[in-house]
Amino acid sequence: MSHSTVSGGARGGGIGAFVRDERAPALPAPAATIGGFGWLRANLFSTPFNALLTLATVALALLIIPPLVRFLIIDAVWEGADRDACLVSEARPVVGACWAFARDRLAYFVYGSFPIPERWRVDVFFVFLALSIIWILRIDAPRRDLAAWNFFVVLPSVSIVLLSGAKLIGLAPVDTTLWGGVLVTIVVASVGIVVSLPLGVLLALGRRSTMPAVRLVCTLFIEIVRGVPLITVLFMASVMLPLFVPPVWTPDKLIRALVGIALFASAYMAEVVRAGLQAVARGQYEAAAAVGLGYWQLMRFIVLPQALRVTIPNIVNSYIALFKDTTLVFIVGIFDLLKTIEVARADPQWATPVTSTTGYAIAAIFYLTFCYMMTRYAMRVERRLGVGLGR
Amino acid sequence: MSRVSGRDRPQISLLFDPKVRSVIYQAVLLGLVGLVVYAAASNAIDNLARAKIASGFAFWNHTAGFEISQTLIAYSSQSSTYGRAFWVGLLNTLLVAGLGIAFATIIGFIVGIARLSSNWLVARLAGFYVESVRILPLLLQLLFWYNAVLKALPELRDSVVLPFGGYLNNRGLFLPRLDVAPGFDLVLAALVIAGIGAVALRLFSRVHQRRTGRRLPVVTVTLVLILTIPALVFLAAGAPVTVRYPQVGRFNISGGIEILPEFVALLVGLSIYTAAFIAEVVRAGIVAVSRGQMEAAQALGLRRGLALRLVVIPQAMRVIIPPLTNQYLNLTKNSSLAVAIGYPDFVQIFTGTVLNQTGQAIEVVALTMAVYLTISLGTSFLLNLYNARVALVER
Chain B
1 MSHSTVSGGA
11 RGGGIGAFVR
21 DERAPALPAP
31 AATIGGFGWL
41 RANLFSTPFN
51 ALLTLATVAL
61 ALLIIPPLVR
71 FLIIDAVWEG
81 ADRDACLVSE
91 ARPVVGACWA
101 FARDRLAYFV
111 YGSFPIPERW
121 RVDVFFVFLA
131 LSIIWILRID
141 APRRDLAAWN
151 FFVVLPSVSI
161 VLLSGAKLIG
171 LAPVDTTLWG
181 GVLVTIVVAS
191 VGIVVSLPLG
201 VLLALGRRST
211 MPAVRLVCTL
221 FIEIVRGVPL
231 ITVLFMASVM
241 LPLFVPPVWT
251 PDKLIRALVG
261 IALFASAYMA
271 EVVRAGLQAV
281 ARGQYEAAAA
291 VGLGYWQLMR
301 FIVLPQALRV
311 TIPNIVNSYI
321 ALFKDTTLVF
331 IVGIFDLLKT
341 IEVARADPQW
351 ATPVTSTTGY
361 AIAAIFYLTF
371 CYMMTRYAMR
381 VERRLGVGLG
391 R
Chain V
392 MSRVSGRDRP
402 QISLLFDPKV
412 RSVIYQAVLL
422 GLVGLVVYAA
432 ASNAIDNLAR
442 AKIASGFAFW
452 NHTAGFEISQ
462 TLIAYSSQSS
472 TYGRAFWVGL
482 LNTLLVAGLG
492 IAFATIIGFI
502 VGIARLSSNW
512 LVARLAGFYV
522 ESVRILPLLL
532 QLLFWYNAVL
542 KALPELRDSV
552 VLPFGGYLNN
562 RGLFLPRLDV
572 APGFDLVLAA
582 LVIAGIGAVA
592 LRLFSRVHQR
602 RTGRRLPVVT
612 VTLVLILTIP
622 ALVFLAAGAP
632 VTVRYPQVGR
642 FNISGGIEIL
652 PEFVALLVGL
662 SIYTAAFIAE
672 VVRAGIVAVS
682 RGQMEAAQAL
692 GLRRGLALRL
702 VVIPQAMRVI
712 IPPLTNQYLN
722 LTKNSSLAVA
732 IGYPDFVQIF
742 TGTVLNQTGQ
752 AIEVVALTMA
762 VYLTISLGTS
772 FLLNLYNARV
782 ALVER
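Top to bottom, those sequences are chains B and V.
Numbers 1 to 391, taken from the numbering used here, label the letters of the first sequence in order.
Numbers 392 to 786, taken from the numbering used here, label the letters of the second sequence in order.
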C-alpha cells in the first residue's frame, strides 16, 4: 500500500492522520511541451513574432531551394555534344544547368592547355601533393619529422622539375603559358602556402626584434603590403618586377604573379604568427635564457613550437583566405580555374543562356570543397588543442 | 691599492658582445636593403631609358583621351587630364565603398543577431548564409552577379518595369530623377532647424534627468521633429521638386538616373560578401557580453530595451568596433576587384588605363599605394582615437 496510517502520541489525540510517504507517480508533461510538437513550439512558435519569422523563413527557403534543385539536378542537361543540347527546344522547354558543357570541358578546367601527352605529369604532381599533405597533417603518420622536409623542400623542387620539364631526364619542357585551370590554382595556392609560413615567421620575429633597424624594415613591409589591395600588389609584381631586373632575367608571367601572391600572403601570415608569439608567456623566454640558449635556439626549441601550436587554426584560416585570393591572378592574365571557366563559357560552341551559371557552379563546387575541408581541419585542430591545453 | 671586486671580465671576442653583434646585424640588413633598392633603381632607370618612357609626374597634366562610363564630376575625354581621371576614379571607388559599407553593416547586423535568435530556423538560415558566402571567393561572386544575373536580364525592349517609374534591363537600372526647384532651400533650412532643435532637446533632457531622475521621450520627439517640420515646409512651399521619369526610346533610355550594371553587381557582391563577415563580428561581440550584465541591469529596474541600449550594446560595441573597421577597410580594398567586371573604379582607371597609356608604372603604382595607404592609415588613426575613448578604464 502506498498510504499508511500513523497513529499515536506524535500527532496527539490518538486520531489517525493520513500521511503520504511515497512519491505519487509523475504526471506526463503537457502535450504542448514534449516531442516534436513541443520542440516546434519552443523553437519556432514561442511568440507571435517568432511564428511570423518562422513563416517568413520557410517562405524564403521555398523561394530559393526548389528552383535551385530544379536548376542543378532536375532540369539539368547531362549529355550533349554542343550548345544545341542546352538550348530551349520543344523537347526541352526548361533548361537547367548544362552539365554536358562541364563534361566536355573538364580536361581544360583541370589542365588548361597543358600538352595532352604530358598530362600524366600533372596527375603525378597532384598525387604527390595529396600524399605530402596527408603525411604532414596526419597525427599518426610515420616519420613526421621527415614530412616537413618533404613538404617544404622535396615537394617544391620535384614539382618544378616535373611540371616545367627537364631535358636532362627526358621530360619535355612545358612553357608556363600553357599551364591552366585547377593546375595553376593549386600551384599558386601551394607556392603561397609553402613560402608564406617561413617568410611570415621571419617577418614576425623581425617585427618583435629588439634591433630598431630590423623592426623598422619588417614593420614597414608588413604594414605597406597589408594596407593595399592584393590587386595592386599583383599589378606591381607584373608591371614593376620586369623594370627592376636586367632585361635578361625578366621572369615569366606566372612567376611574377607567384612572387606577388607569396609576398602578400607572407605579410598576413606575419601578423598571424605575431599574435601567436604574443601568447607565449614571458617566463618561457627568461627560462630559456637562464639555461643558456641563444636567440635561434630559444626560438626554434621553446618559443615557436608553442606559438605556432596555439595559432594553427588562424594559420589555416589565412590559408583559406589565400586559397580564395588565388582567383585574383586571373586579372593579371594567368589562366587559373576561374579564367578557364571565363574562356570556356564565352566559347561559341557552348554559349547558351545557362552556360555562365553552370561554369560558376563548377567553380563554386570546387572552392566549396577545398575550403570546407580546410575549415573542418581547422576546427578539428582547435578542438584537439582545447583538450591538450586543458582549457 | 687594489679593487675589492673579483676578477676582471674574461676577455672574449668582440663578436660575442650582444651590442656589437646587434649593430653588425642591423648594418648588414640595411646594407642589403640598400643594395636591393639601388640595384632595382639603376635597373629601372636603364630599362625606362631603353623603352623611352619619361619619368616624373608631368603626365598628370596631359590630356587623358579615354572615356569613363561613370563620372561623378565633370569629365570629358577630349579636354580632361590624367589628374582629373585620378579624381574621377577615386570618387567612384569611394562611392561604391561608402554605399557598400552602409548596406553591409545593415545586412551584417541583422544576420548576426539572427544567428543568435531563439528561433531554430532563423538561426540555421543565418548560419547557412554566413558559412556559404564566406567560403566562396569574392571574385567568383562578382562574376556571378555580373555575368549570370545582371547580364541575363531582359533587353531594353522588354525592360522590367519597376514601381515609381523605374526600369531594369541588361544595360542597368534606370530610376526617376528628382530635380529641385528654387523653393527647396527652405526645406533644407527647416531640416537644419529641426536638427538643431533635436540636439538642444537631447542636451536639455540630460540636464533634466540629472535633476529629476526622469527621462524625456527624446527619440520619439526627435523623430517627429525631423520628419514633420521639413515635410510641412515642403508642402507649404508647394512641393518644389519635379520628378523626371526615364523615357524608353528605341535604342536607349533618356532622362532619369542611370545606374550601371557593373556598379550594381559590384555593390551587391561587396555588400553580401562583407555582410557575412560583419555578421560574425557582431555575433562575437554580443556573445562576449556576459549574461550577468543583462541580469544586473534588469535587477536595477531597467526595462529590457533600456538595458540593451545602456548596458549591453555599449559593451558589445567595444568588442565589435575594431574588427568592424577592419571589415570596412577590407571592403574598400576589395572594391578594386571592379577591374574584373569593368566598373570604372580607381584601380581600373588609374592603375589600369592610365598606366597602360603612359607606361609610367613606378609613378602610377606608387600613387595607387599611397591612396590606399592613406585610407588605411587614416581609418586606423580614427579607430585608435575611438578605442582610446571606449577602452576599459582600469586603475
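By construction, the Cβ of each residue, glycine as well, lies at the ideal position given by its N, Cα and C atoms.
Since the model is a prediction, treat every value here as computed from it, not as a measurement.
Only residues of its own chain outside the window of five on either side were considered, and among them Ser132, Trp135, Ile136, Ala141 have a CB closer than 8 Å to the CB of B/Ala147, listed in chain order. The beta-carbon of V/Pro714 is placed no less than 9 Å from the nearest beta-carbon of chain B. B/Thr33 and B/Asp21 have their C-alpha atoms roughly 30 Å apart.
Pairwise C-beta distances place the segment 653–671 of chain V in contact with the segment 482–495 of chain V, as three or more of them are shorter than 8 Å. In the structure shown, the three-state DSSP call for B/Thr54 is helix. In the three-state scheme derived from DSSP, where H, G and I count as helix and E and B as strand, B/Trp350 is classed as coil. In summary, no residue of the segment 93–123 of chain B has a CB separated from any CB of chain V by less than 7 Å. In this structure, B/Gly180 places its C-beta atom within 9 Å of the C-beta atom of B/Phe335. DSSP, reduced to helix, strand and coil, places B/Phe18 within a strand of the structure shown.
Secondary structure of B/Gly260 (DSSP, three-state): helix. Annotation: V/Ile648 is outside any alpha helix (DSSP H); the continuous beta strand (DSSP E) that includes it extends over 648–650.
Interface criterion not met: the Cβ of B/Phe151 is under 9 Å from no Cβ in chain V.
Between the beta-carbon of B/Gly359 and that of B/Ala344 there is about 6 Å, and that keeps the pair under the 8 Å contact cut. Our two residues, V/Val571 and V/Leu481, have alpha carbons roughly 27 Å apart in a direct line. B/Arg226 belongs to the set of residues whose beta carbon lies under 9 Å from a beta carbon in chain V.
With its beta carbon at least 9 Å from every one in chain V, B/Pro25 lies outside the interface. Your pair V/Gln461 and V/Phe654 checks out as a contact, with CB atoms roughly 7 Å apart and the cut at 8 Å.
The beta carbons of V/Ile464 and V/Trp478 sit closer together than 9 Å.
Among the residues of chain V, those whose CB is under 8 Å from the CB of B/Ile231 are Ser727, Leu728, Val730, Val738, Thr742, following chain order. Annotation for B/Arg41: Ala32, Thr33 place their beta carbon closer than 8 Å to its own, counting only its chain and skipping 5 residues before and after. Contact annotation: B/Arg215 and B/Gly227 have beta-carbon atoms that are not nearer than 9 Å.
In the three-state reduction of the DSSP assignment, V/Thr472 falls in the strand class, which pools E and B.
About 6 Å separates the Cβ atoms of V/Leu547 and V/Arg562, confirming a contact at the 8 Å cut-off. Exclusion of the five residues before and after V/Val551 leaves Leu544, Pro545, Tyr558, Leu559, Asn560 as the residues of its chain whose Cβ lies within less than 8 Å of its Cβ. Among the residues facing chain V, B/Lys324 is included, as its CB has a counterpart in that chain under 9 Å away. Contact annotation: in the segment 353–366 of chain B, residues whose CB is within less than 7 Å of a CB in chain V are Pro353, Ser356, Thr357, Tyr360, Ala363, Ala364. In the three-state reduction of the DSSP assignment, V/Ser645 falls in the strand class, which pools E and B.
In the structure shown, V/Tyr537 adopts helical secondary structure according to DSSP, grouped into three states. For V/Phe565, there is no enclosing alpha helix (DSSP H); the enclosing beta strand (DSSP E) covers residues 563–566. The C-alpha of V/Ala514 is placed about 14 Å away from the C-alpha of V/Ile498. Around the CB of V/Glu458, fewer than 16 other CB atoms lie within 10 Å, so the residue is classed as exposed. In this structure the segment 530–541 of chain V does not lie against the segment 594–604 of chain V, because fewer than three pairs of beta carbons, one per stretch, are closer than 8 Å. For V/Leu774, not one C-beta of chain B is nearer than 9 Å to its own C-beta. Within the segment 367–380 of chain B, those residues whose Cβ lies closer than 8 Å to any Cβ of chain V are, in chain order, Tyr367, Leu368, Cys371, Tyr372, Thr375. Distance check between V/Leu512 and each of B/Ala61, B/Gly16, B/Ala172 places B/Ala61 closest, using alpha-carbon atoms only. Between the segment 769–781 of chain V and the segment 699–716 of chain V there are three or more inter-stretch CB-CB distances shorter than 8 Å, so the stretches are counted as touching.
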